[in-house]
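Peer 1: In full-length UniProt numbering, the protein residues as written are 1 to 343. Starting off with a structure, shown below.
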């Protein structure tokens with residue numbers, strides 16, 4: 001139905017342009033036009049028959065479309081589900097599972113539909129250099145770009161429940177985090193908020209799993225001590241290692257980022273850990289003398305004193321490790337060295 005010029009002007013003032021809406025949702029304008037043409041997911045009114053202006057109702061339906069596609073539904077099915085939600089209809093159980101859970105909590109719920117493991121996807125629609133990655137990475141990246149916290153948390157939870165924590169970290173979380181980081185570095189101050197949002201929710205997911213697993217730790221088993229070196233604030237890789245260790249029944253004690261040398265040495269003497277993992281993200285924080293000191297620290301009762309295994313983790317450590325020190329290159333390397341292989 002055509003509208004008169006006065007109504008069209010009001011629509012233009014109130015609605016969003018296709019370009020602005022595409023940036024908001026984290027998809028390309030071409031994708032929005034394609035959805036309109038193929039599936040009827042388009043603006044209800046147009047100013048002159050050509051220029052699209054998207055009303056709040058249109059935007060809400062598109063947000064549903066994005067959430068369903070991010071959960072792995074084919075576009076045609078996602079469009080039908082979005083329209084049904086807009087009309088207030090009840091979705092089928094299969095489609096209802098694709099709806100992200102509300103809020104940033106990490107509930108134990110059914111996983112969202114996903115493509116077969118290892119299915120490659122394109123990077124179109126996110127603006128991020130994802131490359132050849134799992135299907136879940138594209139949905140997670142899109143949700144992060146449009147700052148959809150509920151969808152980000154739901155997709156992270158689904159990835160953990162579908163693939164297990166170790167695989168979810170290495171094949172879903174890390175590739176998406178790296179893509180956001182590369183985009184941030186190449187575009188000035190843009191995408192900083194995306195990186196912060198995604199990192200926060202990844203950390204929230206890992207910490208939730210770590211805390212849940214440490215509520216009933218094994219008794220009589222010395223923990224693995226996890227610490228970032230002095231001046232090193234990046235904790236996510238250690239958080240992932242700690243969560244996987246506790247999930248597999250190996251107690252872990254996380255000290256966090258930028259642990260002072262004196263505090264680290266004191267913790268080793270007090271706790272008597274089975275191993276100490278020292279994380280360094282950059283060469284500026286790698287500290288071989290401190291690592292040697294930790295490796296040489298003896299603890300325990302007199303006559304039965306022992307030492308902790310020391311792992312140098314992270315890209316900050318250059319060259320081969322010194323005798324008595326281990327250098328895991330990947331998460332599975334560290335898990336094997338710490339006696340926590342996959343069951």
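Every residue, glycine too, gets a C-beta built ideally from N, C-alpha and C. As the structure is a prediction and not an experimental result, all values here were calculated from the model.
Just checking my contact of residue 168 with residue 160 at CB under 8 Å: how many whole Å lie between their CB atoms?
Peer 2: To locate residue 168, count along the chain shown from 1; it is residue 168. To locate residue 160, count along the chain shown from 1; it is residue 160. Confirmed, about 5 Å.
Peer 1: Just to confirm before moving on: does the CB-CB distance between residue 166 and residue 67 stay below 7 Å?
Peer 2: As a working note, residue 166 is residue 166 in the chain shown. As a working note, residue 67 is residue 67 in the chain shown. No.
Peer 1: Determine the closest residue to residue 326 out of 294, 193, 75, 194, with distance taken between C-alpha atoms.
Peer 2: Against the chain shown, residue 326 aligns to sequence position 326. When each option's Cα is compared against that of residue 326, the closest is 294.
Peer 1: Counting only runs that start and end within the stretch 266-326, where is the beta strand (DSSP E) found for 3 or more residues in a row?
Peer 2: Counting whole runs of 3 or more residues, the stretch 266-326 contains the beta strand (DSSP E) stretches 275-279, 309-313.
Peer 1: DSSP has residue 228 in a bridge; who is on the other side?
Peer 2: The residue labelled residue 228 in the question sits at position 228 within the chain shown. Residue 228 is bridged to 279.
Peer 1: Given this structure, state the Cα-to-Cα distance separating residue 256 from residue 237, to the nearest angstrom.
Peer 2: On the chain shown, position 256 is the one that residue 256 refers to. On the chain shown, position 237 is the one that residue 237 refers to. The straight-line gap from Cα to Cα measures roughly 11 Å.
Peer 1: With residue 32 as the anchor, note down where its alpha helix (DSSP H) starts and where it stops.
Peer 2: As a working note, residue 32 is residue 32 in the chain shown. Note, residue 32: alpha helix (DSSP H), 29-39.
Peer 1: In three-state DSSP terms, what is residue 17?
Peer 2: As a working note, residue 17 is residue 17 in the chain shown. Coil.
Peer 1: Going by C-alpha to C-alpha distance, which of 154, 228, 163 sits closest to residue 204?
Peer 2: The residue given as residue 204 occupies position 204 in the chain shown. Considering only alpha carbons, the answer is 154.
Peer 1: By Cβ distance, which residues of its chain are closer than 6 Å to residue 248, with the 5 residues on each side in sequence left out?
Peer 2: As a position in the chain shown, residue 248 is number 248, starting the count at 1. Cβ within range, chain order: 340.
Peer 1: If we ignore side chains and look at the alpha-carbon of each, how far apart do residue 95 and residue 283 end up?
Peer 2: Your numbering for residue 95 matches position 95 in the chain shown. Your numbering for residue 283 matches position 283 in the chain shown. Bear in mind that a pLDDT of 38 at residue 95, under 50, signals an unreliable position, so the number given afterwards is only what the model happens to contain. Going by the C-alpha atoms only, they are around 48 Å apart.
Peer 1: Report the residue ranges of all alpha helix (DSSP H) runs contained in full by the stretch 174-212; include only those spanning at least 4 residues, in chain order.
Peer 2: Counting whole runs of 4 or more residues, the stretch 174-212 contains the alpha helix (DSSP H) stretches 174-186.
Peer 1: Using only the alpha-carbon positions, how far apart do residue 226 and residue 199 sit?
Peer 2: Counted from its first residue, the chain shown places residue 226 at position 226. Counted from its first residue, the chain shown places residue 199 at position 199. C-alpha separation (whole angstroms): 19 Å.
Peer 1: When we look at the beta-carbon of residue 320 and count the other beta-carbons within 10 Å, is it buried (16 or more) or exposed?
Peer 2: Stepping through the chain shown from its first residue, residue 320 is reached at position 320. When all chains shown are included, residue 320 counts as exposed.
Peer 1: Roughly how many angstroms lie between the CA atoms of residue 253 and residue 245, to the nearest whole one?
Peer 2: If you number the chain shown from 1, residue 253 lands on position 253. If you number the chain shown from 1, residue 245 lands on position 245. Going from the Cα of residue 253 to the Cα of residue 245 covers about 10 Å.
Peer 1: Specify whether the stretch 258-278 and the stretch 308-320 touch according to this definition: at least 3 beta carbon pairs, one from each stretch, less than 8 Å apart.
Peer 2: Yes: the two stretches touch, three or more of their Cβ pairs being nearer than 8 Å.
Peer 1: Among 16, 179, 21, 240, which has the Cα closest to the Cα of residue 138?
Peer 2: Taking the first residue of the chain shown as 1, we reach residue 138 at position 138. The option with the nearest alpha carbon to residue 138 is 179.
Peer 1: Let me confirm a value: residue 266 is counted as buried when at least 16 other C-beta atoms fall within 10 Å, else exposed. Which label applies?
Peer 2: The count along the chain shown starts at 1 and reaches residue 266 at position 266. Result: exposed.
Peer 1: Skipping 5 residues on each side, what residues in its chain have a beta carbon closer than 6 Å to that of residue 140?
Peer 2: To locate residue 140, count along the chain shown from 1; it is residue 140. The residues are 155, 176.
Peer 1: In this structure, does DSSP put residue 139 in helix, strand or coil?
Peer 2: Taking the first residue of the chain shown as position 1, residue 139 is located at position 139. If DSSP states are grouped into helix, strand and coil, residue 139 belongs with the helices.
Peer 1: Can you tell me whether residue 259 is buried or exposed? The criterion is at least 16 other CB atoms within 10 Å of its CB, across all chains shown.
Peer 2: Position 259 of the chain shown, counting from 1, holds the residue named residue 259. The residue is buried, with at least 16 neighbouring Cβ atoms inside 10 Å.
Peer 1: In this structure, how does DSSP classify residue 164 when only helix, strand and coil are distinguished?
Peer 2: For the purposes of this step, residue 164 is taken as the residue at position 164 of the chain shown. The answer is coil: DSSP assigns residue 164 none of H, G, I, E or B.
Peer 1: To the nearest angstrom, how far is the alpha carbon of residue 84 from that of residue 77?
Peer 2: Locating residue 84 in the chain shown gives position 84, counting from the first residue. Locating residue 77 in the chain shown gives position 77, counting from the first residue. Between residue 84 and residue 77, the C-alpha separation is close to 11 Å.
Peer 1: Express the C-alpha separation of residue 206 and residue 270 in angstroms, rounding to a whole number.
Peer 2: Stepping through the chain shown from its first residue, residue 270 is reached at position 270. Stepping through the chain shown from its first residue, residue 206 is reached at position 206. Taking the straight line from one Cα to the other gives about 26 Å.
Peer 1: Considering only DSSP beta bridges, list what residue 54 is partnered with.
Peer 2: Along the chain shown, one-based indexing puts residue 54 at 54. According to DSSP, which records beta bridges pairwise, residue 54 is partnered with 16.
Peer 1: Let me check understanding here. Comparing Cα to Cα, which of 332, 62, 80, 337 lies closest to residue 171?
Peer 2: Position 171 of the chain shown holds residue 171. Closest by alpha carbon: 332.
Peer 1: Taking the beta carbon of residue 56 as the centre, do at least 16 other beta carbons fall within 10 Å, making it buried, or is it exposed?
Peer 2: For the purposes of this step, residue 56 is identified with residue 56 of the chain shown, where counting begins at 1. By the 10 Å Cβ count, residue 56 comes out exposed.
Peer 1: Quick one: residues in its chain with C-beta nearer than 6 Å to the C-beta of residue 286, no 5 flanking neighbours on either side, listed in chain order?
Peer 2: In the chain shown, the residue the question calls residue 286 occupies position 286. These residues qualify, in order along the chain: 280, 316, 317.
Peer 1: Can you tell me which of 24, 16, 15, 62 puts its alpha carbon nearest to the alpha carbon of residue 34?
Peer 2: Translated into positions along the chain shown, residue 34 becomes position 34. Among 24, 16, 15, 62, the Cα nearest to that of residue 34 belongs to 62.
Peer 1: Are residue 53 and residue 15 closer than 7 Å when you measure CB to CB?
Peer 2: Position 53 of the chain shown holds residue 53. Position 15 of the chain shown holds residue 15. Closer than 7 Å, so yes.
Peer 1: Let me know the secondary structure DSSP gives residue 255 once reduced to three states.
Peer 2: Locating residue 255 in the chain shown gives position 255, counting from the first residue. It is a strand residue.
Peer 1: Helix, strand or coil: which one does DSSP assign to residue 242?
Peer 2: Numbered from its first residue, the chain shown carries residue 242 at position 242. Of the three classes helix, strand and coil, the one that applies to residue 242 here is helix, per DSSP.
Peer 1: Do residue 290 and residue 146 count as a contact pair if the criterion is CB distance below 7 Å?
Peer 2: Counting from 1 along the chain shown, the entry for residue 146 is found at position 146. Counting from 1 along the chain shown, the entry for residue 290 is found at position 290. For residue 146 and residue 290, no; Cβs fall outside 7 Å.
Peer 1: If you measure between the beta carbons of residue 334 and residue 229, is that distance less than 7 Å?
Peer 2: For the purposes of this step, residue 334 is taken as residue 334 along the chain shown, with counting starting at 1. For the purposes of this step, residue 229 is taken as residue 229 along the chain shown, with counting starting at 1. Taking 7 Å as the Cβ cut-off, residue 334 and residue 229 do not qualify as a contacting pair.
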